[in-house]
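Sequential numbering of the sequence shown, starting at -16, is according to this note's numbering.
Worksheet: one structure, shown below.
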Amino acid sequence: MKHFGKVIIILLAVVMVFTMFKLPADRAEAKSDLPEAAQDRLKSAIVLYIGSSEAYVNNQKKLIDGSNPEVTPVSKEGRSLVPVRFVAESLGAKVDWEEASSTVTISKSGLLGKTIRLVVGKKEMTVNGKKVTLDRPAETMNGRTFVPFRAITEAMGKKVFYDRGLIVISNKEKLFDVNKEKTLIDGVIARVNNLPAVGTEARLNELLAKMSGETAQRYLADDMAVPLRSSAESADSIANQKAPAAKSVEGSTNYSKTNVQVQGVDEADIVKTDGKYIYQVNNQKVVVAEVDPPQDMRIVSMIEFDDKSFQPTELYVDSKRLVVIGSTHTDIPFREIPETSSKKRIAPDYHRMQNILKAIVYDISDRSSMKKVREIELEGNYVSSRKIGSALYLVANKYINYYYIQKQEESPAPAYRDSLTGSEFKCIDYSQIRYFPDCISPNYMMVAGVNLDASEDVNVYTYLGSGQNIYASLENLYVAVTGYENIYRTMPAVDSMVMPMPQDNEKTTVYKFSLDKGRVTYLTKGDVPGRILNQFSMDEYDGNFRIATTRGQMWRSDEFTSRNNVYILNETLNIIGKLEDIAPGERIYSTRFVGSKCYMVTFRQVDPLFVIDLTPENPKILGALKIPGYSDYLHPYDENHIIGFGKDTEETKDGGVLMQGMKMAVFDVSDVTKPKELFKEIIGGRGTDSELLRNHKALLFSKERGLLAFPVRVVEGNTDRKSSTDVFQGAYVYSIDMSKGFNLRSKITHISEEDYLKSGYYGYYGDKNIERLLYIDDALYSLSKARIAAHSLTDMKEIKALDIK
């Protein structure tokens, strides 16, 4: 009996130990909305997300603090902090606060109970009297005490799973496999990351009403209505069709691709090739030409569109399909307001235009007779797109006519159409429209994702907000938008009037989304001071996000003169490193992130190239080079050399600067403390221009082949425009290496001498301007809307020219 009693005591102790830190179960077992596949794993867990006021405890949704929605887990200086009371009480512990000493006491009764004490401001806590050092001191935010989450959970005998801002406190550390279960993890994040929903039309009007009249007018636009209509072409014949398995192209595997920012993330362009065929956006049609072998070039088909308002702008190509992206519009009558309404009555025959972003998918197994298999349409204007494997992502902005909403009785929500699932447009329900509480503007941003290999509806995610530039890695999409907060200070009175002087306080907001086979999950957002230049101002590396901005204006000489900055943000988009006030009085002309370094060109009178180390703890300028001119685009040659494309400049007697010809330069950065200009090439004189200076996709570059080519318009003559002459439009083809630099091999043009004579001063050559270059095996192809010409890369002689008619 004595032994039996000991066994009973031991069993009771085991039970108490097991249950001591077990999460209290809810009495009412409501159905959880977490992904079904995750519910078993999260049965005894706390699920939190950085920046979200909602959490899950035992699979049930709870507010972290019912009295204050501002209480959320936060990320500060690379550490994630959680509210102590919520976590401890969710684990069944008691929390006491002693205001006089700013001490928090956490106690848990039971056989092996623990007592944890911590003091706000101190970088330590005690667990049963034993001191434990904290990564950072406990602190008070929004009336609640916060500590690093690992410290408090481990002190209470729990394990932590963490991924991209998701915090799961449970008995297991590895609840999910981050390498294999991204879809499941994203599903959990989507539930716990509580970006608020607009909910109702009335709530939308309330949100928009908060904006001042000045702000509202800044965003006014007329493309507001929802086109609840059938497509110009019936979708019945293409709905539910799949692209069949692609037949072998049997072309070369050695061909150039679009010059993109991130390897593996395709960007749409006006020309693509698959190694045997060239696909080209050509005015109102798409031309498909078989070009390999070059001596047998021929046009195999031309896609024309039944919707005459459709304007193709870009395309994608893979082994199965062609995707044509463009815009269309439709006339939409305003709804007639009843006579009894207090709002202004608009005549029923009054129409306005609505812009539509459209993506058309074709099966290309037979390129002589390609079949349309799908159309995807989003209301609004095209921002940009990316394609990763079979996943296509589209971003569009739909502006809200704030004036119209005030005058009418309805606030139309945005709509979309996917011919795979129906011919009619579908309105996005207000409950599915999210908004960013501190960044509300009268605009809908629509982010759409679709797996083109799957037979499922396009995934459309809608936010009250807007986007301007996008950057995409293989895993994430970043959408950036710059806002302007006008601050006024009083100037001396003039004629009895006080004049306000605006001070632009610019801020760029970045929204981060997880990408997964056509699905998009909103993760978080972050803010940095200043404005960005373009997509190359952004980059992702080792889980961190880097962004370069300019703040202020070049023309000012006070404290608001322009300054340039680089910020490093962690995976939850909190700033963890920064380098500010680079080159005061200048602005960024180009930026390129390469590994742990950033190459930045600023300009006012000379071209400083900065080499910047981006170690998050201590970003710093390693070296700088100042030379005449500037670079609009930087392209890596290898780890020690960068090629710059821009303009040469000349200083005037009065201290000004005149732009001259196009400039190419190779910068040697092997010694990061002393970058130097290794080679340079000046093309033409003042007025010489190339699309490459504005669009990186115009560059053809191959380090392995020593090949560099781009379209260019060359002007020669004096700096006085009246005596300058347009002498060439076409392509310059160079060989390039790091021993000899640039060597001009050929000038290719589709323009005849007669065309030059007819063109006049402005050099207009119509459809004969070369727009893109590409290579397949040993043939170089130049493309204008009027012609495709093939040249030998061996001797640059023309092999064949194919006129497009």
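We put the CB at the ideal spot given by N, CA and C, even for glycine.
Only a predicted model underlies this, so the values are computations on that prediction, with no experimental measurement involved.
Looking at the unbroken alpha helix (DSSP H) that takes in residue i, where does it start and where does it end?
i, result
"F132", "F132 to A138"
"N380", "Segment A374 to Y382 is the beta strand (DSSP E) holding N380; no alpha helix (DSSP H) there."
"V655", "Element bounds for V655: n/a, residue is neither H nor E."
"S73", "V67 to S73"
"A531", "First-last for A531: N527 to R534, but that is the beta strand (DSSP E), not the alpha helix (DSSP H)."
"L298", "That residue, L298, is in no alpha helix (DSSP H); its beta strand (DSSP E) goes Q294 to V300."
"Q278", "Where Q278 is concerned, there is no enclosing alpha helix (DSSP H), given that its DSSP letter is neither H nor E."
"A21", "E19 to Q22"
"A192", "E184 to A192"
In chain order, what residues of the same chain lie with their CB nearer than 8 Å to the CB of residue i, ignoring the 5 residues before and after it?
i, result
"A561", "Contrary to the premise, residue 561 reads as Lys rather than Ala in this sequence. Excluding sequence neighbours, K561 sits near N548, V549, Y550, I551 and P602."
"D761", "S775, L776 and T777"
"P295", "V264, Q267, K268, V269, F288, V307, I308 and G309"
"N517", "N452"
"D252", "T241, E297, L298, K680 and R755"
"D786", "A769 and R770"
"Y413", "A180, V181, G182, T183, E184, R186, L187 and A396"
Quick one: what's got a C-beta closer than 7 Å to residue i's C-beta in the same chain, skipping five residues either side?
i, result
"T504", "D169, I172, A173, F496 and S497"
"N51", "N125 and G126"
"S449", "N380, S424, N426, M428 and V464"
"K354", "Y345 and D346"
"D738", "Y748 and K751"
Excluding the five sequence neighbours on either side, which residues of its own chain have a C-beta within less than 6 Å of the C-beta of residue i, listed in chain order?
i, result
"E197", "Note that E197 scores a pLDDT of 39, beneath 50, so its modelled location is shaky and nothing firm can be said."
"K663", "A648"
"K381", "E362, G363, P397 and Y427"
"I604", "F593 and I595"
"K5", "Its pLDDT being 49, under 50, K5 is placed unreliably by the model, and nothing is read from it."
"T404", "D440"
"A76", "I89 and K91"
"M285", "K268 and V270"
"E554", "R147 and G526"
"G670", "V698 and S707"
Determine the contact status of residue i and residue j, defining contact as a CB-CB distance below 8 Å.
i, j, result
"S63", "F132", "yes"
"T585", "R575", "no"
"Y262", "V271", "yes"
"D596", "K609", "no"
"K768", "N265", "yes"
"Y345", "R304", "yes"
"L46", "Y418", "no"
"M779", "R728", "yes"
"Y758", "S239", "yes"
"K141", "N162", "no"
"K165", "D499", "yes"
"Y613", "Y572", "yes"
"P18", "L167", "yes"
"N459", "G501", "no"
"V110", "A121", "no"
"R369", "V493", "no"
Name the two residues that bound the continuous beta strand (DSSP E) containing residue i.
i, result
"R357", "K354 to E362"
"D169", "Unbroken run through D169 is the alpha helix (DSSP H), K165 to V175; no beta strand (DSSP E)."
"N265", "Y260 to N265"
"R770", "R770 to S775"
"A38", "E37 to V40"
"R696", "L690 to E699"
"H624", "H624 to E634"
"I759", "R755 to I759"
"H618", "Y613 to D621"
"S685", "L683 to S685"
Can you round the beta-carbon distance between residue i and residue j to whole angstroms, since I take them to be within the 8 Å contact cut?
i, j, result
"F684", "H618", "6 Å"
"Y748", "I734", "5 Å"
"I33", "P56", "5 Å"
"L592", "P658", "6 Å"
"L675", "G148", "Incorrect: roughly 38 Å between the Cβ atoms, too far for contact."
"G535", "F543", "5 Å"
"V245", "A455", "7 Å"
- Task: Check whether the stretch 434 to 445 touches the stretch 397 to 406, taking contact to mean three or more Cβ pairs, one atom from each stretch, closer than 8 Å.
- Result: yes
- Message: Any contact between the stretch 432 to 442 and the stretch 365 to 380? By contact I mean 3 or more CB pairs, one from each, below 8 Å.
- Response: yes
- Message: Tell me whether the stretch 274 to 291 and the stretch 705 to 717 touch, counting them as touching only if at least three CB pairs, one residue from each stretch, are closer than 8 Å.
- Response: no
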